[in-house]
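In our numbering, the protein residues as written are 132 to 501. Every residue gets a Cβ at the ideal spot worked out from N, C-alpha and C, and that includes glycine. Report on the following structure.
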């Protein structure tokens, strides 16, 4: 097992490197960037000031003139929108955001820093990126963990009940619920919950923003728990609806497959009670793939559902942080959140494999080529 773990850990290095390379190249090729964004902000503020004091009698607005800009000059910058700005100002912005060096040099400097989890400082927040991640990570982990636990608590009993009553009226009606849950994306259901229950149109039973109330620290311990759960009801409900269907189907199919195996027929022929056959023999084997997949399901909740849910409900987690960083072209935060999510996914993938081996000793990944 130790050799298998070592091989998997070594394979994480090229995998993580490849993901970072692809995303770095995509970001470099995408239009816009922090320098362009800052230029647009500078010229936007200048334009507003000029419009207030520099309008002509005919209503025309004078061209914005930045301090230090060459009058009538275009500058030598290759950035769109930099016309009229002093080239020294452009070079200062490039140095500020680290774009005064070639792309490959910036990339390898970034990787050297990321090995020690030194993500630098945010471009547009006066704070270290690692401090921001430490602040936001508990929100995302809390959201993903509660969602995954509830999905398992709902899906496993539902899947087992559907398998035992396969073809019955209960199975047909619950299949309709499963199909609806599988068809509705989490973010659409979240919007529906906001409209109906968060003051959007009908009721205002639940809060719309944040993980806790503003006076949360002033509350007693029982009130703290109630306030936290009150804020979590809608976002977790939205994520559970979008995630329970596939696990319920997997549980049912796994249970049905085990029921028709020879050892079940033998156990019934020996006169064992049906309940003991189902829950003493079938359940343990059928739940192997379901229980061992918990780490992958947890990281899946973080990757696929958390970002949009955090944005919709204004939950201050990694998803919302990464979304705002993408809008602001805050590359240190963008790459740091990607790095953290990818690393968590790779580690939890290994944990999932080890869980398979712990639950069923017959599974031996070490004897296989990775």
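- The three-state secondary structure of residue 321, taken from DSSP, is helix.
- The three-state secondary structure of residue 311, taken from DSSP, is helix.
- For the stretch 327-377, there is no continuous beta strand (DSSP E) assignment of 3+ residues that stays within its boundaries.
- In this structure, the CA atom of residue 314 is about 25 Å from the CA atom of residue 446.
- Rounded to whole angstroms, residue 293 and residue 307 show a C-alpha spacing of 12 Å.
- For the stretch 228-312, the continuous alpha helix (DSSP H) assignments of 4+ residues that do not extend past its boundaries occur at 234-246 and 260-295, in sequence order.
- Beyond the five residues adjoining it in sequence on each side, residue 440 comes within less than 8 Å, by CB distance, of 274, 317, 318, 321, 366, 369, 370, 446 and 450 in the same chain, given in chain order.
- For the 9 Å CB-CB criterion, residue 425 and residue 283 form a contact.
- Contact between the stretch 253-266 and the stretch 407-414 is absent: fewer than 3 CB-CB pairs across the two stretches fall below 8 Å.
- In the DSSP assignment, residue 408 falls outside any alpha helix (DSSP H) and carries neither an H nor an E.
- Taking the Cα positions, residue 362 is about 26 Å away from residue 475.
- In this structure, DSSP gives residue 431 a helical state, which the three-state scheme calls helix.
- Excluding sequence positions up to five before and after residue 278, its CB lies within less than 8 Å of the CB of 367, 370, 371, 374, 432 and 436, all in the same chain and listed in chain order.
- Leaving aside the five residues that flank residue 159 on each side, the residues in its chain whose CB is nearer than 7 Å to its CB run, in chain order, 234.
- Close CB contacts of residue 337 within its chain, under the 6 Å cut and outside five residues either way in sequence, are with 328, 329, 364 and 365 (chain order).
- Under the 10 Å beta carbon count, residue 462 is surrounded by 16 or more other beta carbons and is classified as buried.
- For residue 399, the uninterrupted alpha helix (DSSP H) segment begins and ends at 393-400.
- CA-to-CA, the gap between residue 285 and residue 137 works out to about 36 Å.
- Judged by pairs of C-beta atoms under 8 Å, the stretch 412-422 touches the stretch 377-386, as three or more such pairs exist.
- Minimum Cα-Cα distance from residue 149 among the listed residues 132, 302 and 239 corresponds to 239.
- Residue 446: not part of any alpha helix (DSSP H); DSSP gives it neither H nor E.
- The beta carbons of residue 281 and residue 151 sit no closer together than 9 Å.
- Here DSSP, grouped into helix, strand and coil, assigns residue 460 to coil.
- Ranked by Cα distance from residue 340, the options 349, 353, 359 and 333 are led by 359.
- Excluding five sequence positions before and after residue 399, the CB atoms of its chain that fall closer than 7 Å to its own CB belong to 408, given in chain order.
- The Cβ atoms of residue 477 and residue 146 lie closer than 9 Å to each other.
- Residue 316 carries a coil assignment under DSSP once its states are collapsed to helix, strand and coil.
- Under the three-state reduction of DSSP, residue 424 is assigned to coil, being neither helix nor strand.
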